[in-house]
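One structure is given here, and the rest of the page talks about it.
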Amino acid sequence: MSSFEQGGSAVPDATSAGPAPAWASHRTPSADRPERVTVAVYAADPVLRLGVVQQLRQRPEIDLLADADAERAEVSLVVVDQVDDDVAALLHRLRHNTATRTGLVVATLGSGSLQRVIECGVAAVLRRAEADQDQLLRLVLAIANGEGVLPGDLLGKLLSHVGSLQRSALDPRGLSLSTLTTREADMLRMVSEGLDTAEIARKTSYSERTVKNILHEVITRLQLRNRAHAVGYALRNGLI
Numbered sequence: 001m002s003s004f005e006q007g008g009s010a011v012p013d014a015t016s017a018g019p020a021p022a023w024a025s026h027r028t029p030s031a032d033r034p035e036r037v038t039v040a041v042y043a044a045d046p047v048l049r050l051g052v053v054q055q056l057r058q059r060p061e062i063d064l065l066a067d068a069d070a071e072r073a074e075v076s077l078v079v080v081d082q083v084d085d086d087v088a089a090l091l092h093r094l095r096h097n098t099a100t101r102t103g104l105v106v107a108t109l110g111s112g113s114l115q116r117v118i119e120c121g122v123a124a125v126l127r128r129a130e131a132d133q134d135q136l137l138r139l140v141l142a143i144a145n146g147e148g149v150l151p152g153d154l155l156g157k158l159l160s161h162v163g164s165l166q167r168s169a170l171d172p173r174g175l176s177l178s179t180l181t182t183r184e185a186d187m188l189r190m191v192s193e194g195l196d197t198a199e200i201a202r203k204t205s206y207s208e209r210t211v212k213n214i215l216h217e218v219i220t221r222l223q224l225r226n227r228a229h230a231v232g233y234a235l236r237n238g239l240i
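So in the numbering used here, spot 29 of the sequence shown is number 29, and the numbers just go up one at a time.
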């Protein structure tokens, strides 16, 4: 298991004595400034940690907390090369702290790690290569405001992953995340193309009675007036 230590003399800490705890947060003396966002920084590498601390300590919007107060930080920033078991353990611990929301500053993050990070409750992700002072400040303020932040390519991967989960979990049963089954959506699509009951029956190999029953079920369940209303509802909500 990796050893996580504070940056030692690289991070000024007049009150620190003895070995620092794993994932220690930056200790910086400051007046009580509740209008500022309170931040705790965690890192396995003292050099990585020092870089983030030096960027943030220059900003009047930020109040970097001492080690003893890290648990009450509004924002916890975890700075790492990659997400391994030790990082995941820290993220899980922070997730159970209701006082804080967690941001991750990471060098590399694959699609598999992205899922793991989200499951750990991370609210925002920033690539370390992009972590200049302005980007770090934006990240912290966004997290403090309850927002989620992901780089564009990672957001695309997340959406693709959610889509694949939907298909694998629901499609075998002919369902979707919408209020229509696949069969219902297909029939409404044919109604929108101007087909009548007999034509839909021929195209689907169902009886006309079955087609009528399916469309009636949709109209009744969604509390709509008629087929035209059902088609309009489905189009507006992206169901067909």
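Backbone N, C-alpha and C fix where the C-beta goes; we use that ideal spot for every residue, glycine too.
All of these numbers come straight from a predicted model, not from anything done at the bench.
Query	Result
Under the three-state DSSP convention, the category residue 88 falls into	helix
Euclidean distance between Cα positions of residue 58 and residue 98	27 Å
Residue range of the unbroken beta strand (DSSP E) whose run includes residue 49	Here residue 49 belongs to no beta strand (DSSP E); instead the alpha helix (DSSP H) covers 46 to 56.
Local Cβ density within 10 Å of residue 104, reported as buried at 16 or more and exposed below that	buried
Strand pairing of residue 63, partner residues [DSSP]	38
For residue 43 and residue 3, the rounded distance between their alpha carbons	Here residue 3 scores only 42 on pLDDT, less than 50, and its place in the model should not be relied on; the value that follows carries that caveat. When rounded, the distance between both Cα atoms is 11 Å.
Rounded C-alpha distance that separates residue 64 from residue 180	50 Å
For residue 189 and residue 94, the rounded distance between their alpha carbons	47 Å
Residue 184 classed as buried or exposed, judged by whether at least 16 other C-beta atoms fall within 10 angstroms	buried
Between the CA atoms of residue 236 and residue 226 - distance to the nearest angstrom	16 Å
Beta-carbon gap between residue 40 and residue 70 smaller than 8 Å	yes
Identified DSSP bridge partners for residue 125	104
Exposed unless 16 or more other CB atoms sit within 10 angstroms - verdict on residue 113	buried
Those residues which DSSP pairs with residue 241 across a bridge	Residue 241 is absent from the model: the chain starts at 1 and stops at 240.
For residue 144 and residue 78, believed in contact at Cβ under 8 Å, the rounded distance	Residue 78 to residue 144, Cβ: 16 Å. No contact.
Boundaries (first-last residue) of the beta strand (DSSP E) holding residue 77	75 to 80
Same chain, Cβ closer than 7 Å to residue 142, five either side skipped, listed in chain order	124 and 149
Residue 81 versus 38, 107, 193 and 131, residue with shortest Cα-Cα distance	107
Supposed contact pair residue 55 and residue 115 - C-beta distance, whole angstroms, cut 8 Å	With 8 Å as the limit, residue 115 and residue 55 do not qualify as a contact, their Cβ atoms being about 29 Å apart.
Straight-line gap, residue 154 to residue 49 (C-alpha atoms, nearest Å)	24 Å
Residue 38 to residue 218 span [Cα, whole Å]	52 Å
Which of helix, strand or coil DSSP assigns to residue 217	helix
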